[in-house]
Structure formats: structure tokens, C-alpha cells
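Quick mapping for you: the protein sequence lines, in order, are chains A and B. Per the numbering used here, residue 18 is the first one in the first sequence, and the count goes up by one each step. Per the numbering used here, residue 18 is the first one in the second sequence, and the count goes up by one each step.
Number of protein chains: 2
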Amino acid sequence: MLIALDAMGGDFAPEEPCHGAVLACSKNPRLNIALIGDKNKIEPFLEEVDSSIRSRLRIVHADDVINTEDSPSLSIRRKKNSSLVVGFEMVRSGEADGIVSAGSTGAIAAGGVLLLSRIPGIDRPGFGATLPVLNRPTLLMDVGATVRCKPINLYQFAHMGSIYMKLFQGVEKPSVRLLCNGEEVTKGDDVITAAREMIETSDLNYQGYVEGSDLPKGVADVVICDGFSGNILIKFGEGLGELLKDQFKEEYANHLLPKIGMLFMWPAMKRVLGRFDWEKAGGSPLLGVNGTVIKVHGRSKRNPISFALLGAANFIDKNGVERIREEIAKENINDNI
Amino acid sequence: MLIALDAMGGDFAPEEPCHGAVLACSKNPRLNIALIGDKNKIEPFLEEVDSSIRSRLRIVHADDVINTEDSPSLSIRRKKNSSLVVGFEMVRSGEADGIVSAGSTGAIAAGGVLLLSRIPGIDRPGFGATLPVLNRPTLLMDVGATVRCKPINLYQFAHMGSIYMKLFQGVEKPSVRLLCNGEEVTKGDDVITAAREMIETSDLNYQGYVEGSDLPKGVADVVICDGFSGNILIKFGEGLGELLKDQFKEEYANHLLPKIGMLFMWPAMKRVLGRFDWEKAGGSPLLGVNGTVIKVHGRSKRNPISFALLGAANFIDKNGVERIREEIAKENINDNI
């Protein structure tokens, strides 16, 4: 299995993607990784790598990079020699089995649509993020591929999210909820109302609206929203987590009592914080395109990148793309709307 | 000063609003409160109250209640004898100086517009929520009055939010940011782009887009968004906070080490969590209507309700409504757009 890794994407590229590739290879012996980017910048990070792993890493040179400031679809069309476009072309040609990138969210979504094309029956793709919430994993979708949605987009996300949770979490009949500003059907806007009506009359296991406050409680297998809402929500959660961690660190550094307390609290702290560890979630799959595409947070270091690579390998092993394509075709989800 | 308190609004009505009123009166000796709602249900909670405070509380009977399931504008028009409408009528007639409610967010916004009317120059009102973030208070607006916005609404929120922070936090030239799914100007949607262009060409101290992850860091005095985004965001923050607290409580209950650790950690915990205490924020003012209207969270118990009442008293003392009206008229904010 060969996975294309955009070695130039993210805040710590190419160093952390390179280390992430090594880590992933050490955990999955069937994994081969193509590191795509500036050969001269990548090579130094592979010099010390053990030969058994080095032999499964190859460098594919690409001298351009798509930045977060670039227009997503324009840069996908024009920057033919960027690490991201070269990676997508490897997936399109069948040379690579999937692609992982910590680069621009918009460009990854645009690359998926423009270079791999959408699955028949799907109008827009969506990124699914597995939230580390209480009791069970919850897939939040979309978290940034389709910023503003039509009702049909949310409806299709609900189907793809359900298939994904059935396939990857073994949930027989995944419960689906729509993110809303209240639980009552009078809440939301025209788009959410129309999407709710479509989902209600489908054979999905729809369970109503969910408010932001209930989201961390693990009240559904799949929570659907537009890419704007999903994006601000997961980023806000990350920001709060980081802030809290910083605050405790500061207390720990400046006061004696917390230092002693922490010795006793540490196992509990580790247990609690471990339950909310987004780094282990394995990246966000772009669902709805003809190829395995996993996005990982731009601020990711080696660990989350390695988990995303392992997540991509799992997606490929389970024929994720093919299974979603089959289910969407079989269910004719757009027939009765 | 007389403040109308919707004694039937919120999850713990009428008990907690009644206790909240007593608390607020004990802290502000100039405060008089009209408890509006079912006389028979309210009276039992005032029986034990000290006479010096009891004399400043009066019960105004109203036998109907607006529920969160009711359509906001329909119920404001039809439920003439609901606690909320009776309270708004007291403000409209000048009998009360302001109103506080833990009831339906939509109905409070609709009541403000329909019964008190909008301030000239303002198309839609917005709820401002003071976030207890790092370094400085940040006003997030709107958090639920105008679910989906036109650019002009966001533009006007930016002006009202700035005036509010100047008036109540003493910030000379409040910095304003727009909540977005990225920092680059290519992010957002058509509404956000148009609002940005309007704000950029105004004399507001505009500082760019802000992502969800930076919001907890106190990067701006005023952060503008539509009511849907603001609502899901603050509720998600609350939900995460509650979950974290529950998790630590569970650890504390089931393990010995955290029990010992907590003894040492407690002062630090209190310092850290005290910095994020939304209960002390004093409720969310509805800015843009002709009257002092403060919404407090539906799940509020006596403490946050008392802080909202004290916040309303402060707003009235500083002539908040009059000052916003003056500034909006003076600046002719809609002239050059």
C-alpha cells in the first residue's frame, strides 16, 4: 500500500510530516509512503532513519506549495507542480492508494472535487471529524469542505456520515442529528428546516436537532452541520483545551501547592484529558470523492500526522471509497426528494 | 429603580428567579424588583424573606407562560398575559426601567423588537455575551437574536458592540473582529465578505477575521457573528466545561489519589476556573431596542440570575440605551454604505 503524504503542508512542514511518516511506517509494516515536496528540504530529515523503514519511504519532488492564502480552486488548477496537486495526481493515476495533507483545508477539498471528482449522487463533499466525546465517538460533518450548504448537501452528508460510522465504528443503525441553535423544530433557518424534512422522510435513524451544549455528551453517532459551523466549533474546542492546559501549566510553574497536588492528580488528569485527545482521531476523511483523502490539522506535529496516515491505511484496507459509492448507488438517496 | 423579572422563565422557575431577586436586592440597595408570573407559585418562595428586602419585591400576576417550543413572534403577539409580555409592557409604559428573563431567547428578541421597537438606524437587534476569556473580556455578538444575518446586520452589531465596550469596559477604541473559518480574506461566505468591506471602510477599529481557536485567547474586544454561530459556540463552550467538571468529579469520587491531590490543587483549580466563570458575566444585553433587556441562560440558578439583575441595574444607571441611541444617531453609521 502506498500513501501520498503532502510533506509541505502544515505549520511544521516538512520536518513533522517526515517524522510522522517514519512513525506510521514503524507501526504498520505494510505501509509505504511517498513524501511529496522539496527534495532538498525533505532529505535531511530522513538521513538518520533506520534502513528497514527508509526503504518504504520515497521522495517525490515537487517545487511548488499551495498556501492557505491561495484561492483553493485556482491554486489546484494552476499550481500543477505543488506538493498537493502532485499527490492528488498520484491518487488519480492509481499510483498511490490515498493522500494525507496538513495543508489548506479549502485546497484539499477543491483538489478532491477537481482532480478525483465526486462520487455519483453526491453534489458536494464533506470533511468528517471524529470528536472524542463522552461514551462514544461522534462524527461531526462537515468541518470545512462546503462552507455554506444547501439542504441537499446536508442530506447527503447525513447519508455518508451514517455509512462511515457503520463501516468504521461498527454502529448498526447510526443515530443522526442536525446541529441547531435549539432543540425545537421552530429553531434553525430555512436550510436546516428543509434538510430536516428530507432526512426525516428518509430511512436514516434521525433523532432530532442537537444543541452545542449537548454535543460533548456523545448524544449521537453523526452530527450534521455546514462547513462554517463545524469549523468554528472544532477550532473553538481546541482553543479552549489549549487555554485550559496553559493556565494549569502556569499555576503549576508559579505555585508550590499545585506542584504537590499534581503528583497525586496526574493519573486522573491523564485519564480525563486522554478521553478528549483529538490527536488520536486519525485525521478528517473527505467523504464524497473518488479517492482516500485525509486532512489533518495544520498545527499537527508528528503524532497526529502518523495517526492520520494509519487512519488512511485503515480506510484503504476497508475499501472506504468503494463502500460509500456502492451504498449511495444502492440506496438511490436522491430518488424521493 | 424597578426591574421587571420574568419569574416564569428558565428551567428552574419560579424558585431560582425568586431567590435571584432576593440576592440581587441584598447587593444593590437601590434595586426594586417586580416578580412577574403566577402569584400562587411565587409567593411561597418569598415567605421567609427578610422584611427590608421583601418590601422591595412586588409580585405582578400573569397567568400565562411563553415556552421555548412556542413561535417567538406569534407568542409575543398572542400571549398577552404571559409573564414575558407583561414584563415588556411594564418597560414600554415606563413603569419598569428594564427587564430580565431566563426564558426563550427567540421570544425575548421578538418582544424587544415588537413591544419596545428598534433604535432608529438599527435593522435587527443582537444579544451580546461577555466571554470570560484570557486577558480581557470579549463581547461576542450576536448569540441568538438574529439567527441568520445580512451584511448590514453584522455591520450594525459591530457599531453597537463597540459602543457597549467603550461604555461598560472603558475601552477607548475597542478592537473589532469578524468570526470566520480562517484568518485569510478568502475565507468566509458572501455575507461575511460584504460585512468585512463595510466595517473596513468605517471608522471602527477593525482587526481582521478571528478563528474559533483564537477566540478564547482574548484577541479582540468585540467579535461579530450571526446568531446561529454565536449560539452554537457559547453553548458548546458551556457543554465542554460541564463535561470536564463532571469528569473530574467522577475521578475524585472513585479514586483516592485525586482526593489527596485535590486538597493541594484546589486553590489553583479555583483560580483557573474562576477566570472562565460565565455566571458572573451578568447576562446578555439585547442591543438595538428601546429598552434595557437582559437575557440570562435558561439553566441559570439564583447566582447568574442575580448577576443579570445587577448587570441590568448597571446598564440602566449608565443610560445604556440612550447612549447607544445617541451614538448611532451621531455617527450616521448607515450613511456611507
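We put the CB at the ideal spot given by N, CA and C, even for glycine. Quantities reported herein were computed from a predicted structural model and do not represent experimental measurements.
Can you check which of these residues, the options, is closest to residue i by C-alpha distance?
i	options	result
R194(A)	A237(A), G37(A) and M177(A)	A237(A)
R319(A)	F281(A), F62(A) and V108(A)	F62(A)
S43(A)	R73(A), G229(A), P31(A) and E65(A)	R73(A)
N351(B)	I139(B), E86(B) and R47(B)	I139(B)
K266(B)	R109(B), T155(B) and W283(B)	W283(B)
T147(B)	L232(B), A124(B), P137(B) and G205(B)	L232(B)
S323(B)	S219(B), K347(B) and V117(B)	V117(B)
D55(B)	K287(B), V108(B) and C35(B)	C35(B)
K96(A)	E106(A), D81(A) and T85(A)	D81(A)
L19(A)	R316(A), E339(A) and V310(A)	V310(A)
G143(B)	V150(B), I125(B) and L132(B)	I125(B)
D67(B)	L101(B), D87(B), L40(B) and M25(B)	L40(B)
R288(A)	R288(B), H272(B) and G256(B)	H272(B)
L131(A)	D114(A), P89(A) and A113(A)	P89(A)
S92(B)	E32(B), G120(B) and D114(B)	G120(B)
V338(A)	K190(A), I180(A) and A325(A)	I180(A)
I83(B)	A325(B), Q224(B), G26(B) and L157(B)	G26(B)
L101(A)	A30(A), R71(A) and G258(A)	A30(A)
S230(B)	E33(A), Y223(A) and E255(A)	E255(A)
A270(B)	G278(A), L257(A) and A285(A)	A285(A)
Taking all protein chains shown into account, decide if residue i is buried (16 or more other Cβ within 10 angstroms of its Cβ) or exposed.
i	result
R75(B)	exposed
D263(B)	exposed
E343(A)	exposed
D23(B)	buried
T155(B)	buried
R213(B)	buried
N248(B)	buried
K347(A)	exposed
T85(B)	buried
N57(B)	exposed
L260(B)	buried
K190(A)	exposed
E228(A)	buried
K218(B)	Lys is not the amino acid found at residue 218(B); the sequence shown has Thr there. So T218(B) ends up on the exposed side.
P321(B)	buried
K335(A)	exposed
Going by beta carbon distance, what residues of the same chain come within less than 6 Å of residue i, once the five residues before and after it are set aside?
i	result
A175(A)	V193, I216, L221 and I241
I50(A)	I20, L22, A38 and L74
D206(B)	none
G111(A)	none
Interface residues of chain A around residue i at Cβ under 7 Å?
i	result
M158(B)	Near M158(B) there are no residues of chain A at all, since even the closest Cβ is about 15 Å away, more than 7 Å.
L151(B)	L260
I249(B)	L196, N198, G229, S246 and L250
G161(B)	N198
T210(B)	Ordered by position in chain A, no residue passes the 7 Å Cβ test against T210(B), which lies about 11 Å from the chain.
Taking residue i as the query, report the chain A residues whose CB atoms sit under 9 Å from its CB, ordered along the chain.
i	result
E255(B)	G229 and S230
K252(B)	N198, E228, G229, S230, D231 and L232
F174(B)	Within chain A, no residue comes near F174(B); the closest Cβ sits about 16 Å away, beyond 9 Å.
Taking residue i as the query, report the chain A residues whose CB atoms sit under 8 Å from its CB, ordered along the chain.
i	result
A285(B)	F265, E268, Y269, H272, L274, P275 and G278
D206(B)	V164, R165 and F245
R288(B)	E268
T147(B)	Those do not exist, as T147(B) stays about 16 Å from chain A at its closest Cβ, beyond 8 Å.
Considering only residues of the same chain and omitting the five flanking positions on each side of residue i, which have a CB-CB separation below 7 Å?
i	result
F245(B)	V164 and R165
V188(A)	M182 and D238
N370(A)	Because residue 370(A) is not part of the residues shown, which for chain A are 18 to 354, the question remains open.
I136(B)	G305, V306, N307, I341, R342 and I345
L303(B)	I125, A126, G129, P142, F144, A162, V310 and K312
F281(B)	none
L184(B)	K335, G337 and R340
Under 9 Å Cβ-Cβ, which residues of chain B neighbour residue i?
i	result
E214(A)	The premise fails here: E214(A) is roughly 17 Å from chain B at the closest Cβ pair, so nothing lies under 9 Å.
G143(A)	What G143(A) touches in chain B: nothing, since even the nearest Cβ is about 14 Å away.
For the ligand GTP, is there a heavy atom less than 7 Å away from the beta-carbon of residue i?
i	result
V306(B)	Among the ligands in the structure shown, none appear at all, so the ligand GTP cannot be discussed.
Taking residue i as the query, report the chain B residues whose CB atoms sit under 7 Å from its CB, ordered along the chain.
i	result
S88(A)	T203
CB-CB under 8 Å to residue i, same chain, minus the five flanking residues each way: which ones, in chain order?
i	result
D243(A)	D159, T163, V164, R165, C166, N170, L171 and V208
A211(B)	P168
Can you name the residues of chain B whose CB is closer than 8 Å to the CB of residue i?
i	result
F29(A)	The contacting residues do not exist; F29(A) stays about 16 Å from chain B at best.
T155(A)	Going along chain B, no residue has its Cβ under 8 Å from T155(A), so there is no contact; the nearest lies around 12 Å.
Complete beta strand (DSSP E) runs within the stretch 36 to 73 of chain A (minimum length 3 residues, chain order): DSSP assignment within the stretch 36 to 73 of chain A yields the following whole beta strand (DSSP E) runs of 3 residues or more, N-terminal first: 49 to 54.
Run through the stretch 319 to 348 of chain A for me and flag every whole alpha helix (DSSP H) of 4 or more residues, listed as ranges in chain order. Fully enclosed alpha helix (DSSP H) runs of 4 or longer: 319 to 334 and 337 to 348.
Restricting to runs no shorter than 4 residues, where is the alpha helix (DSSP H) found entirely within the stretch 161 to 243 of chain A? If only complete runs of 4 or more residues are kept, the stretch 161 to 243 of chain A shows the alpha helix (DSSP H) at 168 to 186 and 207 to 217, in order along the chain.
Segments of 3+ residues assigned as beta strand (DSSP E) that fall wholly inside the stretch 243 to 315 of chain B: The stretch 243 to 315 of chain B contains these whole beta strand (DSSP E) runs: 301 to 304 and 309 to 312.
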